[in-house]
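Novice:
There are 2 protein chains.
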Amino acid sequence: MANVKVEQDVVIDRLMSVFQSVGYDGASLSELATATGLQKASLYHRFPGGKQAMANAVLDHVAGLIDNQLANVLQSSAPAPVRLSSALTIIRQIYDGGRLACVLRALSHGTATGLFREPIAGIFRTWVAAFDHLARDFGFDTRTAQRLAESTLIRVQGSLILAQTLQNPGIFDQVLLDIETDFRSQQ
Amino acid sequence: MANVKVEQDVVIDRLMSVFQSVGYDGASLSELATATGLQKASLYHRFPGGKQAMANAVLDHVAGLIDNQLANVLQSSAPAPVRLSSALTIIRQIYDGGRLACVLRALSHGTATGLFREPIAGIFRTWVAAFDHLARDFGFDTRTAQRLAESTLIRVQGSLILAQTLQNPGIFDQVLLDIETDFRSQQ
DNA sequence: GTCTATAGCTAGATAGAC
DNA sequence: GTCTATCTAGCTATAGAC
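Going line by line, the protein sequences match chains A and B. In this text, residue positions in the first sequence follow this note's numbering: the first is 1, and each later residue adds one. In this text, residue positions in the second sequence follow this note's numbering: the first is 188, and each later residue adds one.
(1) By the DSSP assignment, the alpha helix (DSSP H) with A/Tyr44 in it spans what residues?
(2) Quick one: what's got a C-beta closer than 7 angstroms to A/Ser86's C-beta in the same chain, skipping five residues either side?
(3) Could you pull the start and end residues of the alpha helix (DSSP H) that B/Gly357 belongs to?
(4) When burial is assigned at 16 or more other CB atoms within 10 Å of the CB, is A/Ser76 buried or exposed?
(5) Using the C-alpha atoms, what's the distance from A/Val10 back to A/Val62?
(6) So with CB distances below 9 angstroms, who are the chain A contacts of B/Val209?
(7) Three or more C-beta pairs under 8 angstroms: does that hold for the region 107-123 of chain A against the region 22-32 of chain A?
(8) Can you list the residues of chain B that A/Leu162 reaches, using a CB-CB cut of under 8 angstroms?
(9) Assign B/Gly224 to one of three DSSP states: helix, strand, or coil.
(10) Tell whether a beta-carbon distance below 8 angstroms holds between A/Thr165 and B/Arg330.
(11) So, are the CB atoms of B/Phe370 and B/Leu252 less than 8 angstroms apart?
(12) Excluding the five sequence neighbours on either side, which residues of its own chain have a C-beta within less than 7 angstroms of the C-beta of B/Ser204, listed in chain order?
(13) According to the neighbour-count rule (16 or more other Cβ atoms, all chains shown, within 10 Å of its Cβ), is B/Ser338 buried or exposed?
(14) By the criterion of Cβ-Cβ separation under 8 angstroms, what are the contact partners of B/Arg201 in chain A?
(15) If B/Leu246 and B/Ile277 are in contact, beta carbons under 8 angstroms, what's the gap, nearest whole angstrom?
(16) How big is the Cα-Cα spacing for A/Ala53 and A/Phe47?
(17) If you draw a straight line from the alpha carbon of B/Val290 to that of A/Gln167, how long is it in whole angstroms?
(18) Can you tell me whether DSSP reads A/Gly64 as helix, strand or coil?
(19) Going along the chain, which residues of the region 129-146 of chain A sit with their C-beta nearer than 8 angstroms to a C-beta in chain B?
(20) Run the CB neighbour count on A/Ala2, radius 10 Å, all protein chains shown included, and call it buried at 16 or more, exposed below.
(21) Between B/Ser217 and B/Lys227, what straight-line distance do the alpha-carbon atoms span, to the nearest angstrom?
(22) What's the call for A/Glu7, buried or exposed, on a 16-neighbour Cβ count within 10 Å?
(23) State yes or no: is the C-beta of A/Gly50 nearer than 7 angstroms to some heavy atom of the ligand FAD?
(24) Within this structure, are the beta carbons of A/Tyr95 and A/Phe172 separated by less than 8 angstroms?
(25) Determine the extent of the alpha helix (DSSP H) in which B/Val209 is found, giving its start and end residues.
(26) Hey, quick one: how far does the alpha helix (DSSP H) through B/Thr352 stretch, first residue to last?
(27) Can you check which of these residues, A/Asp13, A/Ala57, A/Arg147 and A/Val128, is closest to B/Leu364 by C-alpha distance?
(28) So, helix, strand or coil for B/Phe303, using DSSP?
(29) Considering only C-alpha positions, which residue in the set A/Ala101, A/Arg14 and A/Thr181 is nearest to A/Ala33?
(30) Short of 7 angstroms Cβ to Cβ, which residues in the region 245-259 of chain B face chain A?
(31) What residues of chain A sit near B/Thr352, judged by a beta carbon separation below 7 angstroms?
(32) Whose CA, out of B/Pro306, B/Thr368, B/Ala350 and B/Asn243, lies closest to the CA of B/Ala322?
(33) Would a C-beta distance cut-off of 8 angstroms place B/Gly285 and B/Ser208 closer than the cut-off?
(34) From the beta carbon of A/Ile171, is the nearest beta carbon of chain B less than 8 angstroms away?
(35) Which residues in chain A sit within 7 angstroms of B/Val362, going by Cβ to Cβ distance?
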C-alpha cells in the first residue's frame, strides 16, 4: 500500500506531532514511519542523517513558523495593542489552547539534550526579541521591556507544563490574559 | 567489585540524578546500574517493578521533600516574609541556582507521560497549596492568592527551561526575586 | 523514491549460583 | 542481597530489488 508521494511539508508536520507527544527518545523509527505513511527506509532516503536529521528538519520548520508568523506580526505596522492580541491568538492556536506540549521542550531532554540546544536557543531568542520590540513600542523602558519579553516565554512554557500535568488548559488561557494585562498596564 | 550494601536512600538519590539529567526514556538500566553502583539484577531485586518502580520511588522521595521541606516551612509560625525567603532559598538549592532540571518535568514526557502524571500532579498541588496559604497570610484575597501561588510554580518551571536552554542561570535567579517582589507588594 | 528484508546492537528483564 | 550470564524484543540503520 501507499507508494504515493507524500509532500515533504506534510511529512515534517507529522514528524513534529510525534516528537511533540512522545519526545525524542520516545519516538521510534517505526512510529515515525507509521505516522508519515512512509517506510523506515524511505524516511532515511529523505533524511540521510536519520532521526537526528528529522528532528533538525522539524526545528527548522518551527523556526520558520516563529519567524514568519509570530515575529512578523509583532513587528508589523499595526497599533501595538493589536499586534499583541494577534500574537497571543497565534500562540493560543499553536498550543491548541494549552492542550498541546511544546515540541521545543520535547526535544530538550534525554539523548537529545545536547543535540538541539543551540537551534532551540535561537528560536527562544527570536521569540524574546520580538516581544521586546513590542514592549518598547508600548512604552516600557529598556530593562523592563527585556524582562517582560522573557517573562512571556517563561510563563507560556511553565503554564503548558501545569496545564498538561493538572489537565487544566484554563491555566494556559489565564496566563495569556495575564500577559496581555501586563503589557496594557503601561498605557 | 562493589558487593557492599548501598543505602536505599543513596540509591534513590542517584536514580533521581539520572532521570533528572536524561529523562525516563533516556535512562537505560545499564546507566541506572552504573550510577547506583549496583548490577541490573540487584536493582530489580530492590525494585521488582523495574524502571517504572524506580521512577515511582523517586517521585515518592520528591513528594516527601516538598512536603517536609517546602510545605513545612511555608506553614510554620514564623512571620510571612521570613517564610517566603526560606522557601525561595530551598527552591534555589533544589535546582542549584537554575543549573539543574526538574525531575518532575523529566518524568512527564515520552513513554512516561501517562505513567506518572497523577503523582506529579499531586506534588504540584501540594506546592500550589503551600504558596496559596502563604499568600493569604500576606493579605491577598482568595482569588489573587490562588493565582499568585500557581504563578510561582509556572515561573519556576518556565525559567528553568529558559535558564538551561539559554545557558543563563541568571534567568532563574531573577524569577525568584520577582516572586519575592510580588508577594511583598501587598504589604 | 519507494519498498521488503535484515543486519547489528542495546534495551528491559530474568535465571540461578553464591 | 548481590552477582554473572543470558533471554527476547525492539531499536537504529542499511542493502538492494523495483
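Every residue gets a Cβ at the ideal spot worked out from N, C-alpha and C, and that includes glycine.
Specialist: Looking at the atomic coordinates:
(1) Lys40 to Arg46
(2) For A/Ser86, where only same-chain residues beyond five positions count, the Cβ hits under 7 angstroms are Val73.
(3) First-last of the alpha helix (DSSP H) with B/Gly357: Gly357 to Arg371.
(4) exposed
(5) 14 angstroms
(6) Asp25, His109, Gly110, Thr111 and Thr113
(7) yes
(8) Phe311, Glu337, Leu340, Ile341 and Gln344
(9) coil
(10) no
(11) no
(12) Ala222
(13) buried
(14) Chain A residues near B/Arg201: none, gap ~18 angstroms exceeds 8 angstroms.
(15) About 18 angstroms separates the two Cβ atoms, so there is no contact after all.
(16) Just so you know, the alpha carbons of A/Ala53 and A/Phe47 end up roughly 6 angstroms apart.
(17) 19 angstroms
(18) helix
(19) Near chain B, meaning a CB-to-CB distance below 8 angstroms, no residue of the region 129-146 of chain A qualifies.
(20) With a pLDDT of 48 at A/Ala2, under the threshold of 50, the modelled position of that residue is not reliable, and no figure is offered here.
(21) 7 angstroms
(22) Under this definition A/Glu7 is an exposed residue.
(23) The ligand FAD is not part of the structure shown, which contains no ligands of any sort.
(24) yes
(25) Gln195 to Gly213
(26) Thr329 to Thr352 is the extent of the alpha helix (DSSP H) around B/Thr352.
(27) A/Arg147
(28) helix
(29) A/Arg14
(30) none
(31) Near B/Thr352 (Cβ distances below 7 angstroms), the residues of chain A are Ser108, Arg117, Ile120, Ala121 and Phe124.
(32) B/Thr368
(33) no
(34) yes
(35) Within 7 angstroms Cβ-Cβ: Ile154.
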